[in-house]
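In what follows, a single structure is set out as structure tokens and then discussed.
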Amino acid sequence: KNEVEQSPQNLTAQEGEFITINCSYSVGISALHWLQQHPGGGIVSLFMLSSGKKKHGRLIATINIQEKHSSLHITASHPRDSAVYICAVPPYSGGGADGLTFGKGTHLIIQP
Amino acid sequence: NAGVTQTPKFRVLKTGQSMTLLCAQDMNHEYMYWYRQDPGMGLRLIHYSVGEGTTAKGEVPDGYNVSRLKKQNFLLGLESAAPSQTSVYFCASRSGGEQFFGPGTRLTVL
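In the order they appear, the protein sequences are chains A and B. Taken in order, the first sequence gives residues 898 to 1009; the numbers are from the numbering used here. Taken in order, the second sequence gives residues 42 to 151; the numbers are from the numbering used here.
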């Protein structure tokens, strides 16, 4: 079964800084998910990626399938980016029809 | 589209009481999931369904039952609630790999 490790667990930065959150997993997968959970509790999907890089606004996600590693970057960070960022992968190699295995999340605070 | 909705949003139970959490989705998704989220731990899968009339156990199924009588609804039942089931419960449905989450239900068992 896949094991997911995220780092750092907590990150406080100043507005405008470049942010990097890392995720490592143990079993080969078809796709990795990055999720965002705001203080109100709701969870939204940011990216699902299986290779290379994806960009959405100031968010960039990369994945290295061979090294079983992914990173989430935030450029020009803003206080509204403050949230918990969660990495998730299928529990076994495959498409993940049987749910996801989640990291413990990275709690990001961006100070003005 | 409302997306994924959950009822209720909050609930307090006494030990031994029973209750049902309702998850509804209007996106015609085949796959639906129930997760729980506890402090210091990642979300964990309780049960899931790959289509109407089907259910399967996830990572932490003990103490819970589920039913998927209609494609759009996935019910999570607690027959005899225990304090260890105090948690935030999230429902999700899946389309093409991406999961869409409900707003969560915060359950406290006293």
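Glycine included, each C-beta is placed from N, C-alpha and C at the ideal position. All values reported here derive from a predicted model rather than from experimental measurement.
Alpha carbon to alpha carbon, how far is residue j from residue i? Give it in angstroms, no decimals.
i: Glu100 of chain B; j: Asp978 of chain A; result: 31 Å
i: Leu151 of chain B; j: Trp75 of chain B; result: 22 Å
i: Arg109 of chain B; j: Asp67 of chain B; result: 14 Å
i: Arg52 of chain B; j: His70 of chain B; result: 27 Å
i: Asn961 of chain A; j: Cys920 of chain A; result: 11 Å
i: Lys112 of chain B; j: Ser134 of chain B; result: 11 Å
i: Ser927 of chain A; j: Phe115 of chain B; result: 26 Å
i: Arg85 of chain B; j: Gln78 of chain B; result: 7 Å
i: Ile1007 of chain A; j: Gly939 of chain A; result: 19 Å
i: Trp931 of chain A; j: Pro1009 of chain A; result: 25 Å
i: Glu139 of chain B; j: Leu946 of chain A; result: 10 Å
i: Pro49 of chain B; j: Gln126 of chain B; result: 16 Å
i: Val901 of chain A; j: Thr61 of chain B; result: 31 Å
i: Thr56 of chain B; j: Glu914 of chain A; result: 48 Å
i: Thr95 of chain B; j: Leu54 of chain B; result: 28 Å
Starting from the beta carbon of residue i, find every residue of chain B whose beta carbon is closer than 7 Å, and list them in chain order.
i: Gly1000 of chain A; result: Gly83
i: Gly996 of chain A; result: Tyr74, Leu86, Tyr89 and Gly99
Run down chain B in chain order and give the residues with a C-beta less than 9 Å from the C-beta of residue i.
i: Ser942 of chain A; result: Glu139, Gln140, Phe141 and Phe142
i: Leu1005 of chain A; result: Here the premise fails: no neighbours, minimum Cβ distance about 16 Å.
Could you list which residues in chain B have their beta carbon closer than 8 Å to that of residue i, in chain order?
i: Ala928 of chain A; result: Gly138
Flag residue i as yes if its beta-carbon sits less than 7 Å from any beta-carbon of chain C, otherwise no.
i: Tyr130 of chain B; result: Here the protein chains are A and B, and chain C is not one of them.
Kindly identify the DSSP beta-bridge partner or partners of residue i.
i: Lys898 of chain A; result: Answer is none; Lys898 of chain A lacks a bridge partner.
i: Thr127 of chain B; result: For Thr127 of chain B, which the question treats as bridged, DSSP gives no partner whatsoever.
i: Gln933 of chain A; result: A:Val941 and A:Tyr982
i: Met60 of chain B; result: B:Leu119
i: Leu158 of chain B; result: Only positions 42 to 151 of chain B appear in this structure, which leaves residue 158 of chain B out of reach.
i: His70 of chain B; result: None; His70 of chain B has no bridge partner.
i: Lys98 of chain B; result: B:His88
Taking C-beta pairs closer than 8 Å, name the residues in chain A that residue i reaches, listed in chain order.
i: Leu62 of chain B; result: The premise fails here: Leu62 of chain B is roughly 15 Å from chain A at the closest Cβ pair, so nothing lies under 8 Å.
Can you tell me the Cβ-Cβ gap for residue i and residue j, rounded? I've got them flagged as a contact below 8 Å.
i: Thr917 of chain A; j: His953 of chain A; result: Not really, about 16 Å apart at Cβ, beyond 8 Å.
i: Gly996 of chain A; j: Tyr89 of chain B; result: 5 Å
i: Gly118 of chain B; j: Asn106 of chain B; result: 5 Å
i: Val981 of chain A; j: Thr1003 of chain A; result: 7 Å
i: Lys950 of chain A; j: Thr959 of chain A; result: 5 Å
What residues in the region 134-146 of chain B have a beta carbon less than 9 Å from any beta carbon of chain A? Answer set for the region 134-146 of chain B: Arg135, Gly137, Gly138, Glu139, Gln140, Phe141, Phe142, Gly143, Pro144 and Gly145.
Of the residues that make up the region 94-124 of chain B, which ones have a beta carbon closer than 9 Å to any beta carbon in chain A? Taken in chain order, the members of the region 94-124 of chain B whose beta-carbon sits within less than 9 Å of a beta-carbon on chain A are Ala97, Gly99 and Glu100.
Please list the residues of the region 938-965 of chain A that have a C-beta atom closer than 8 Å to any C-beta atom in chain B, keeping them in chain order. Within the region 938-965 of chain A, the residues whose Cβ lies closer than 8 Å to some Cβ of chain B are Gly938, Gly939, Ile940, Val941, Ser942 and Met945, listed in chain order.
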